[in-house]
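Let me begin by presenting the structure, written as structure tokens, before commenting on it.
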Ligand code: WT7
């Protein structure tokens, strides 16, 4: 912590650089440039390095499709495929700095295309395959991608999810997209548009097997990934190359204690940051063997995951609290039916894990043998920030605590003025020093970057989470302090959900809040004002839910819809979401009143009573 630059330089030396950096950090607050002048390539690090060693014949990816089909890729195969895919991209006219949108199921082609983009210096933007055509189009338009890559379909609960068809709707709205590459996964019929849509297998017929990795300056972008904030459209978080890889390489080793013989499975979708850092870049940079599974966790039987762990001899298993709570409800018979003795280490990510779920996971999956690493991080942080780190030091675990910040991570818990709070007091989690994995910025919007993360507290990165540091220095992450929802680990902003709701012809106004759910973290609750001439009905409620699902995707389906005559607002017209939240959760507003901007306690209470009367 005292000499962070020396420390991070030492870490950086473990990677292969084509050219050494000129300096470790250029910090022009709030913009950081890590290892400027250095040159490297992410795909070189993840594949070329390994094929020069015995790892050439080591398994890189054990892939399991939902229907039960499997593929095993060695590092040699992965290297060959990354090169061939990179050649295809080049022949289509994609070059350094071009954006490529990936809308794919969890099949090996997804990481291969990511690495192929990285190889030629193109910037990938992966869009979660659960998003709808409109959500896909919005993200593609923000990046101005020239190329969109998809599959005919992916499998989910035994049914093909028709991704190409969704892309057909989206490309009508995305003028930047010139070409669409289609992977044949499910074998369902699709319409291929002459001159625009191309089958991957046709392109591979003539692909060259070697493409030189493009030397990338350390601060050149590796990818853009969308995530949601309190207001506005989703933000395109931009990650660079050098700092991002250095940080992830180190954090991964510290947290997961990765070894050659490890078989590592992270159950996240590659469409989220966990997938980028903790399925693709960090594990492959270490030459690890990873498991990739296409489908639903409980399909076709409730023990599908435990079956996969046994089948591949998984040693490190990394999943979300929502999944653990879901399996808790299913009971112990599933895991009991399988030999899970290969497991050595368990991980949790995405939401706070309640002690009850932690203990269930520890006992029933880890057999009271495996430590649990509760890893706190964000799309913006690029990699794990607060977590136990058995790869460097063993600390006693406390169920529900992410324990301590990783080396070089200067976390703190502060009050509204930015002053550190006393131990055991709730405050805002902030990061006081730049770290190599931090985002470069928000795509196309430097002001929003500054506003979102660096303006609440001077010189400190605002995470948006509440936390407590206990008397032993352990961090307990309590969840979002802002209005961002966490639905089954997925991060959703109220603004995008409200926009989706309002696009329904019957709605005049809408407000969305999260309501605590024992399994999913947050439920989506919509308060809606109808236009003149529309009357509330159960049918309309269903229709609105279906509409939001169609506009954003299944993850945006509301759990509750209330029709109201008015919404509680401050004098300046800001919706008092905490009032809505309290009403939806059937809680008293209590001390929440003081948290509302501008409004007096009296006004807040009145709005609260008024809203309750309406329901
Ligand atoms: C938000 C970031 C990091 C990859 C997946 C989520 C919550 C994340 C934890 C944890 C408590 C956690 C926070 C954070 N969160 N990990 N271990 N304990 N909360 O990335 O979608 O950018 O969401 O997830 O609220 O701010 P993301």
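Numbering (the numbering used here), first residue to last: 199 to 813. Cβ coordinates follow ideal geometry from the N, Cα and C atoms, glycine included. Please read all numbers here as calculations on a predicted model, not as lab measurements.
| Check | Outcome |
| --- | --- |
| Local Cβ density within 10 Å of residue 462, reported as buried at 16 or more and exposed below that | buried |
| 8 Å contact criterion, which residue 422 and residue 702 should meet: CB distance rounded | Not quite, the Cβ-Cβ distance comes to about 30 Å (not below 8 Å), so this is no contact. |
| Span separating the alpha-carbon of residue 542 from that of residue 636 | 30 Å |
| CA-to-CA distance, residue 662 to residue 576, given in whole angstroms | 10 Å |
| Other residues of its chain near residue 762: CB distance less than 8 Å, five sequence neighbours each side excluded | 725, 726, 727, 809, 812 and 813 |
| beta-carbon residue 718 near the ligand WT7 non-hydrogen atom, thresh 7 Å | no |
| Cα-Cα separation, residue 814 to residue 256 | As shown, the chain starts at 199 and ends at 813. That puts residue 814 outside it, with no answer to give. |
| Contact test: residue 575 Cβ vs the ligand WT7 heavy atom, cutoff 7 Å | yes |
| Residues sharing a beta bridge with residue 667, DSSP | 673 |
| Any 3 or more C-beta pairs closer than 8 Å across the stretch 356-376 and the stretch 336-343 | yes |
| Helix, strand or coil at residue 425 [DSSP, three-state] | strand |
| CB of residue 528 within 8 Å of CB of residue 464, strictly | no |
| DSSP bridge partner residues for residue 525 (one or two, in chain order) | Answer is none; residue 525 lacks a bridge partner. |
| Buried versus exposed, by CB contacts within 10 Å (16 or more), residue 352 | buried |
| Residue 412 beta carbon less than 8 Å from that of residue 281 | no |
| 7 Å Cβ shell around residue 793 - same chain, five flanking residues per side excluded | Its pLDDT being 48, under 50, residue 793 is placed unreliably by the model, and the measurement read from it follows with that caveat. Excluding residues within five positions, the ones whose Cβ falls inside 7 Å are 776. |
| Closer than 7 Å: residue 480 CB and nearest the ligand WT7 heavy atom | no |
| Outcome for residue 791 when other beta-carbon atoms lying within 10 angstroms are tallied against a minimum of 16 | Bear in mind that a pLDDT of 45 at residue 791, under 50, signals an unreliable position, so the model cannot answer this. |
| Continuous beta strand (DSSP E) stretch holding residue 799: start and end | It is not in any beta strand (DSSP E) - residue 799 instead sits in the alpha helix (DSSP H) that spans 799-812. |
| For residue 690, the three-state DSSP class (helix, strand or coil) | strand |
| Among 442, 481 and 287, the one whose alpha carbon lies nearest that of residue 406 | 287 |
| Whole-angstrom distance between residue 343 and residue 395, CA atom to CA atom | 15 Å |
| Candidates 596, 611, 683 and 502, of which the one nearest residue 659 by Cα | 611 |
| Rounded C-alpha distance that separates residue 591 from residue 390 | 55 Å |
| Local conformation of residue 594 per DSSP, three classes | coil |
| Beta carbon of residue 749 nearer than 8 Å to that of residue 237 | no |
| DSSP-derived helix/strand/coil call for residue 199 | coil |
| Residue 470: CB within 7 Å of a non-hydrogen atom of the ligand WT7 | yes |
| Cβ pair count under 8 Å reaching 3, the stretch 601-609 against the stretch 442-455 | yes |
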